[in-house]
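Chains as they are written, first to last, in the working numbering: chain A, 27 to 280; chain B, 526 to 735.
Note that beta-carbon positions come from the ideal geometry of N, C-alpha and C, so glycine has one too.
In this text the structure is predicted, and so the values were computed from the model without any measurement.
First the structure, in the form of structure tokens, and then the observations on it.
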């Protein structure tokens, strides 16, 4: 089912409209298997909307979104969402479930055999840097922001989906924790080879994590760049981001 | 006073049992109807005005009047206790429906989003997320409804359905305070006990940090 096709996710002339408000007029974009594609843009640029079209939290009003070659409309919604891991800024951990149960839920719903679930949850908690012995029995209220995000990531990875959708997962964290998680996430992705679509408004995060950067503005894809291309770009959309980054670095010259 | 209670203890016990029966059955119906109704409302918020509005109207009708209004009903109006149970159930519905709806709507939006993205079906969402997180509020509604029902059931005696209200009405007719108290005190004790027990249940279910 998840074949070795090079394109994992495709937006084909996608429109998303709510009443008279056209959030995405006409989006066409391909996400390559195994890459981290950053959706970079300001608030209201349509990046979160685009993300939610992939796992059918939103439905396109025109055009088609294809996951693993099949239109999201043709997928069974539950199967599609179990095929895709999802991590958001507020994490959304179930407050009444311990860390273990939060992470184990999807495998449980998928009727994995108990032994396999135990092994996988331990594996995935270790992957995200949370030793199971210490963390599995804690409740979300007993976790720091960074720890919650790690659990959220573990949960997203639990059923081993080939695709991850991340919506500014590190945005609410302090800079040090954010940097730590960014580095660890990058290493993890390289190891696991997941296809990742990562929404951010932080240009340095885009440059650090992305294999490619899709720059969005007012619902329109303005450009697709590698980090190097982006950093050297002189076009009107990318340049402001780079200028801002450069001006921040001037602090070191003071 | 105590001697009075002791000499009447058989009748007090009999009426208290009747009272408990009226309250118990009504609460059972109210929960079995009210909780699913509250869940349904959370799925169809458009119906909120209709359902909660109707419930509100029922609540504003004084107890005695409601009992009286329901008398002409076929089958239900034929036996006093059926009528009483119907009226008590209707009264108990509002706190239960309203609290169930509030509890479920109050579930964190991010938790809902994450649950949807994990591919939880609506039933799985209800079971794993909504009901557990709303349980405290729902139980609070049940607790309120129970205490109201214990009190309201005293009026059931006015239409001949039995219960501790019998003593109260008899005492009023005889102008004998002891008889009134023979009904009022056990009823009050029942209400307080129910409140205490349900409060305890709430505390037990709320264990584990949220």
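Between residue 225/A and residue 255/A, the C-beta gap is not smaller than 8 Å, which leaves the two residues out of contact. Flagged as an interface residue toward chain B: residue 107/A, by a C-beta distance shorter than 8 Å. For the C-beta of residue 646/B, the chain A residues within less than 8 Å are, from N- to C-terminus, 104.
With fewer than 16 other CB atoms across the displayed protein chains lying within 10 angstroms of its CB, residue 157/A is exposed.
At a C-beta separation below 9 Å, residue 658/B has these neighbours in chain A: 120, 121, 122. With a threshold of 8 Å between beta carbons, residue 207/A makes no contact with chain B.
Here residue 120/A carries a coil assignment [DSSP, helix/strand/coil].
Chain order gives no chain A residues near residue 704/B, where near means a beta carbon separation below 8 Å; the closest approach is about 50 Å. For the 8 Å CB-CB criterion, residue 229/A and residue 270/A form a contact. Note on geometry: alpha-carbon atoms of residue 99/A and residue 222/A lie some 21 Å from one another. Under the DSSP assignment, residue 263/A falls outside any alpha helix (DSSP H); it carries neither an H nor an E label. The Cβ atoms of residue 674/B and residue 551/B sit closer than 8 Å to each other. Your pair residue 601/B and residue 607/B checks out as a contact, with CB atoms roughly 5 Å apart and the cut at 8 Å. Within chain B, 635, 639 have C-beta atoms less than 8 Å from the C-beta of residue 117/A, given in sequence order. Contact between residue 151/A and residue 180/A holds: CB atoms are separated by about 5 Å, below the 8 Å threshold. The shortest CA-to-CA distance from residue 727/B to any of 592/B, 598/B, 584/B, 667/B is the one to 667/B. Approximately 21 Å separates the beta-carbon atoms of residue 106/A and residue 72/A; this is outside 8 Å, ruling out the contact. Inter-segment contact for the region 629 to 643 of chain B and the region 112 to 131 of chain A is present: three or more beta-carbon pairs are separated by less than 8 Å. The region 649 to 659 of chain B and the region 673 to 687 of chain B do not touch, with fewer than three beta-carbon pairs separated by less than 8 Å. Within a 10 Å sphere around the beta-carbon of residue 34/A sit 16 or more other beta-carbons, which makes this residue buried. Residue burial annotation: residue 54/A is exposed, with fewer than 16 other C-beta atoms found within 10 angstroms of its C-beta. Ranked by how close their Cα comes to the Cα of residue 241/A, the residues 178/A, 68/A, 177/A have 68/A in first place. Around the beta carbon of residue 189/A, 16 or more other beta carbons sit within 10 angstroms, so the residue counts as buried. The alpha-carbon separation between residue 214/A and residue 153/A amounts to approximately 8 Å. Against chain B, the beta carbon of residue 114/A has neighbours under 7 Å at 635, 638, 639, listed in chain order. One alpha carbon belongs to residue 571/B, the other to residue 565/B, and they sit about 11 Å apart.
Residue 40/A holds the alpha-carbon nearest to the alpha-carbon of residue 246/A among 40/A, 268/A, 31/A, 36/A.
As DSSP reads the structure, residue 54/A sits in no beta bridge. Against chain B, the CB of residue 190/A has no partner CB under 8 Å away; the residue lies outside that interface. The criterion of a C-beta distance shorter than 8 Å is not satisfied by residue 538/B and residue 707/B. Against chain A, the CB of residue 642/B has a partner CB under 8 Å away; the residue lies at that interface. Taking a cut-off of 8 Å on C-beta distances, the region 579 to 587 of chain B does not touch the region 699 to 714 of chain B, as fewer than three cross pairs fall below it. Between residue 725/B and residue 660/B a beta carbon distance of about 14 Å is seen, past the 8 Å cut, so the two are scored as non-contacting. Distance between residue 164/A and residue 237/A, taken at the CA atoms: about 35 Å.
Per DSSP, residue 243/A is not a residue of any alpha helix (DSSP H); the beta strand (DSSP E) it occupies stretches across 238 to 243. The residue among 717/B, 705/B, 542/B, 620/B with its C-alpha nearest the C-alpha of residue 558/B is 620/B.
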